[in-house]
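Structure record follows, encoded as structure tokens.
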């Protein structure tokens, strides 16, 4: 990959990390609130179904993960496994697609 | 430590190959691995590094060994060249000096990194160099940073292009082994972070 491309990946990873920092905190607070409040599955679904703000927040979360995780894994592949180049990048694209699909499947599962 | 190595060569094993020149911490040529950490042997007291009455002396890591304690430094210095570590000013000898205020922020940043003598301790201590042989390393990037912050320098954009990417500043994971081990108390990590910011600004302006 060109140096410009690698620089863009680095910027994307830092930007997605900033988004993740906020998303993870909100996510953890939400979990603690739901568990402590003793919400049932039905009560949680009643809050999430059709809730556009909730859907937008978790879609952003999934997008940030989809960008952030494969770029980090790319460095691990290169440095620990010495796996670089096109085959590694294609594998990571597939991994990114899987993350996006699984993530959005989970989001849609409680939105629709 | 250097006295110990010299003693070994003169009294115990005359075939031992090692490298030193100034003996007083100016030249940087006597760097070796002592009990696992890269150091200048001339400025290291045995009682500061001995563990369980044992000393293990080895060549610097991350560089090919020529013989015994002597490593081949070519790749280390070639990377300085690859990081565009040479100065390009705009003025000729016929013009006056360019005034540089010693207390300006840029000059202070240069001062913080300029005392590097190229001993290779940071390079031998860097995990990323051991994982990614193409990585330019802390010393070359520190040199690039001092030139990026030099008000007289004209080749900054070309230099930022040279240090961007997986072989350059973006490979640094901020482990800070280089800053911890640098005998001159330079923080290449800070310089590399500065390069990342400079490359980012340049990329956002579409210059990269």
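Protein chains in written order, with the working numbering: chain A, -9 to 102; chain B, 1114 to 1321.
Idealized CB from N, CA, C, for every residue including glycine.
Which residues in chain A sit within 8 Å of residue i, going by Cβ to Cβ distance?
i, result
"residue 1274 (chain B)", "-7"
"residue 1316 (chain B)", "-6, -3, -2, 1"
Please report the straight-line C-alpha distance between residue i and residue j, rounded to a whole angstrom.
i, j, result
"residue -4 (chain A)", "residue 1279 (chain B)", "6 Å"
"residue 1163 (chain B)", "residue 11 (chain A)", "44 Å"
"residue 1143 (chain B)", "residue 1281 (chain B)", "27 Å"
"residue 16 (chain A)", "residue 1271 (chain B)", "42 Å"
"residue -9 (chain A)", "residue 75 (chain A)", "8 Å"
"residue 30 (chain A)", "residue 5 (chain A)", "35 Å"
"residue 1173 (chain B)", "residue 71 (chain A)", "24 Å"
"residue 67 (chain A)", "residue 1211 (chain B)", "47 Å"
"residue 1147 (chain B)", "residue 1292 (chain B)", "17 Å"
"residue 102 (chain A)", "residue 73 (chain A)", "40 Å"
Thinking C-beta only, is residue j closer than 8 Å to residue i?
i, j, result
"residue 1220 (chain B)", "residue 1213 (chain B)", "yes"
"residue 1319 (chain B)", "residue 1265 (chain B)", "no"
"residue 1262 (chain B)", "residue 1312 (chain B)", "no"
"residue 1187 (chain B)", "residue 1275 (chain B)", "no"
"residue 1084 (chain B)", "residue 1193 (chain B)", "Look at the range of chain B in this structure, 1114 to 1321, and you will see that residue 1084 (chain B) is not part of it."
"residue 1197 (chain B)", "residue 1268 (chain B)", "yes"
"residue 50 (chain A)", "residue 9 (chain A)", "yes"
"residue 90 (chain A)", "residue 38 (chain A)", "no"
How is the beta strand (DSSP E) around residue i delimited, first residue to last?
i, result
"residue -3 (chain A)", "Careful: residue -3 (chain A) lies outside any beta strand (DSSP E), inside the alpha helix (DSSP H) at -7 to 26."
"residue 1153 (chain B)", "1150 to 1153"
"residue 1178 (chain B)", "1178 to 1180"
"residue 1241 (chain B)", "Premise fails: residue 1241 (chain B) lies in the alpha helix (DSSP H), 1240 to 1244, not in any beta strand (DSSP E)."
"residue 1144 (chain B)", "1144 to 1147"
Since residue i meets chain A, which of its residues come closer than 7 Å, beta carbon to beta carbon?
i, result
"residue 1278 (chain B)", "-7, -4, -3"
"residue 1321 (chain B)", "-6, -3"
"residue 1283 (chain B)", "-4, -3, 0"
Over the uninterrupted alpha helix (DSSP H) stretch that includes residue i, give me the two end residues.
i, result
"residue 1305 (chain B)", "1301 to 1317"
"residue 81 (chain A)", "76 to 101"
"residue 1275 (chain B)", "1269 to 1276"
"residue 1259 (chain B)", "1251 to 1261"
"residue 34 (chain A)", "31 to 38"
"residue 61 (chain A)", "42 to 70"
"residue 1223 (chain B)", "1218 to 1226"
"residue 1119 (chain B)", "1115 to 1120"
"residue 1159 (chain B)", "1159 to 1162"
"residue 1210 (chain B)", "No alpha helix (DSSP H) contains residue 1210 (chain B), which DSSP labels as neither H nor E."
"residue 1189 (chain B)", "1187 to 1195"
Given that residue i touches chain B, what residues does it touch there, using C-beta distances under 8 Å?
i, result
"residue 68 (chain A)", "1244, 1245, 1279"
Pop quiz: residue i and residue j are said to be a contact at Cβ under 8 Å. What is the actual Cβ separation, rounded to whole angstroms?
i, j, result
"residue 1299 (chain B)", "residue 1229 (chain B)", "6 Å"
"residue 1295 (chain B)", "residue 1235 (chain B)", "5 Å"
"residue 1111 (chain B)", "residue 1156 (chain B)", "Beyond the ends of chain B as shown, which are 1114 and 1321, falls residue 1111 (chain B); an answer cannot be given."
"residue 1131 (chain B)", "residue 1181 (chain B)", "6 Å"
"residue 1245 (chain B)", "residue 1303 (chain B)", "Their Cβ separation, rounded to whole angstroms, is 21 Å, which puts residue 1245 (chain B) and residue 1303 (chain B) out of contact at 8 Å."
"residue 1145 (chain B)", "residue 1170 (chain B)", "6 Å"
Please list, in chain order, the chain A residues whose beta carbon lies closer than 9 Å to that of residue i.
i, result
"residue 1313 (chain B)", "-3, 0, 1, 4"
Can you confirm whether residue i, when its beta carbon is compared against all beta carbons of chain E, has any partner nearer than 8 Å?
i, result
"residue 1288 (chain B)", "Looking at the structure shown, chain E is missing, and the protein chains on hand are A and B."
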